[in-house]
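Residue numbers (this note's numbering): 678 to 1136. Quick reminder that beta carbons are idealized off the backbone N, C-alpha and C, glycines included. All values reported here derive from a predicted model rather than from experimental measurement. One structure is given below, encoded as structure tokens.
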Amino acid sequence: MKIANKSVTAEKLVRDALDKAKHFADYNIFTFLNEENAIKKAREIDAKIARGEKVGRLAGVPYALKDNFLSPEGETTASAHILEGFTSPITATSVAKLEAEGAIMIGRTNMDAFAHGSSTENSYFGPTLNAHDRERVAGGSSGGSAVAVALDIVEFATGTDTGGSIRQPASFNGVYGIKPTYGCISRYGVVAMASSTDCIGFFAKTPDDMNLLMEVASGQDPKDMTTLPDYYGEKHSDMDLKSARIGIIKDFDNDSVDKEIRDALKTKCELLKSKGHEIVELEMPALKYALAAYYIIVPAEVASNLSRYDGVRYGFRSANSDDLDSLYFNTRSEGFMPENKRRIMIGNFVLSSGFYDAYFLKAAKARTLIVKEYEKAFLECDYILTPVSPNPAFKLGEKVNDPVAMYLEDVMSVSLNLAGVPGLAIPAGKTKAGLPIGLQIVGPRRSDHNLIEFSKELI
Ligand code: GLN
């Protein structure tokens, strides 16, 4: 990526990014442009360079911030009406780390409200358009971030991935997207969706850029007790990157997955074989429970995490209330999107005393099976290669009124979140119609660094 130095100023990098953001305004990528602050910060970096002072590893690099990361720059709304007007007094640890290295946020990106969705159509601010076909969805929930990178507006963008929200939009727009190991990057200062699966990650254009971002952002944080002790950069094993065993999941090779995506996977397998890697066929029958388990566990956690938005503490408050109960009721009724409400209802239902055993407890047991299935698979192979989603980007409006069709988008992404393992979405060519195809490389926990290095074998 282009970093400010003696020959290119940070101010130029930032102004170019802001100009491009405005040029692509009709894609509805940004919910906020950080013009004044970004230019001010760029000038500070340029002044340091002129004085010969040391600058960070991301000096002057313009980036886009998904709108669920807290920072005092612009309102943090998570693209939800209920958070409109909320300016955070704190800065997310990940944002602070990026900025400490000199990265400059030029804008906040559109997303499905509270990250609930796979198309960015659940945003209060309207959908983001796909970078390759304006009639199609950007994917979601981090749609704005993926398109900002795909259209070359910024060098990188942040995202969150609870069930696929980085990998799927990355694959729909033809860029790299990482969902790290659970606990790799601090979530302090990021709007919580489902605390047992939420991960922070990035969209980038190359594996080397991705590696640098991971180095900067990862690490233990006393403000997030779920972060792992620093491990990034350590080799996960002594595995030779030149002769890896790559697992392919047999059950994913079926007619419900687009033929061009399955062909792209086969082409990559041939490429890997020609480079001396071995392809191993895996049976992972427990993965068929992943989607159902995810859509019980995640709404349960969502119902809990969204209970704090009551019109008293953050953002929007309904004007039509005469007592406390109606204030809560009206604020939540008017402030949440339909998909947010659906998840709150499902979550409270699966946790209710009459249904807890039948739904939540069963889903938790299925999750354990999935964790074990991955552990077993990684005895047989080093990495697993799968599609990210069953189809390339679909048409705007095609699935937004059919929640089950939308949930099925996540059938190949959610098991990683349930198991806590890392996955890197990589561009893998295009369909005949010109839509990007994405594949994901999955590794054991803490293999993030090797995963990124290994992805170079697939170029
Ligand atoms: N599409 C998935 C969902 O709606 C994933 C969302 C996410 O990763 N934030 O739950």
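Buried/exposed call for residue i, threshold 16 Cβ in 10 Å
i     : result
N997  : exposed
K856  : buried
E1086 : buried
S684  : exposed
K1076 : buried
S984  : exposed
N1078 : exposed
A1082 : exposed
V852  : buried
T1063 : buried
M902  : exposed
P804  : buried
I759  : buried
L889  : buried
L989  : According to the sequence shown, residue 989 is Val rather than Leu. The residue is exposed, with fewer than 16 neighbouring Cβ atoms inside 10 Å.
G762  : exposed
N1127 : buried
One or two residues paired with residue i in a DSSP bridge
i     : result
A741  : G784 and A834
Y853  : A881
F746  : V867
G1100 : K856 and V1119
K679  : Bridge partners of K679: none, in fact.
I862  : S895
K1107 : P1113
L806  : V814
D901  : D898
Limits of the unbroken alpha helix (DSSP H) element including residue i
i     : result
P1024 : As written in the sequence, residue 1024 is Gly, which differs from the Pro given in the question. From DSSP, the alpha helix (DSSP H) with G1024 extends over P1015 to L1028.
Q897  : Careful: Q897 lies outside any alpha helix (DSSP H) and carries neither H nor E.
F849  : R844 to N850
G820  : G820 to A827
D696  : A687 to H700
T1008 : L1001 to G1012
M1083 : P1080 to L1085
V772  : T770 to A777
H758  : Looking at the DSSP string, H758 is not in any alpha helix (DSSP H), and its letter there is neither H nor E.
N1127 : D1125 to S1132
Residue range of the unbroken beta strand (DSSP E) whose run includes residue i
i     : result
T708  : F707 to L710
F879  : C876 to A881
V1119 : P1113 to V1119
Residue i: CB within 7 Å of a non-hydrogen atom of the ligand ADP
i     : result
M1022 : Ligands present in the displayed structure are limited to the ligand GLN, and the ligand ADP is not among them.
With a floor of 3 residues, list each beta strand (DSSP E) that falls wholly inside the segment 903 to 966, ordered by position along the chain.
922 to 926 and 955 to 959
Pairs of beta-carbons, one from the segment 783 to 799 and one from the segment 834 to 843, closer than 8 Å: are there three or more?
yes
Starting from the N-terminal side, write out each stretch of the beta strand (DSSP E) that is 3 residues or longer and does not extend beyond the segment 1039 to 1077.
1060 to 1064
Quick test of the definition: if touching needs 3 or more C-beta pairs under 8 Å, does the segment 773 to 792 touch the segment 729 to 745?
yes
How about the segment 1087 to 1097 and the segment 1019 to 1032: do they share at least three Cβ pairs that are nearer than 8 Å?
no
Is there contact here, the segment 1039 to 1058 with the segment 823 to 833, by at least three beta-carbon pairs under 8 Å?
no
Is the segment 888 to 901 touching the segment 761 to 772, taking contact as three or more C-beta pairs under 8 Å?
yes
Touching or not, the segment 1101 to 1113 and the segment 923 to 942, by the rule of three or more beta carbon pairs under 8 Å?
yes
Looking at C-beta atoms only, is the number of pairs between the segment 806 to 815 and the segment 1112 to 1120 that lie closer than 8 Å three or more?
yes
With three or more beta-carbon pairs closer than 8 Å as the criterion, would you say the segment 708 to 721 touches the segment 955 to 965?
no
Check whether the segment 867 to 882 and the segment 915 to 931 touch, using three or more Cβ-Cβ pairs below 8 Å as the test.
no
Does the segment 820 to 827 come close enough to the segment 860 to 869 to have 3 or more Cβ pairs within less than 8 Å?
no
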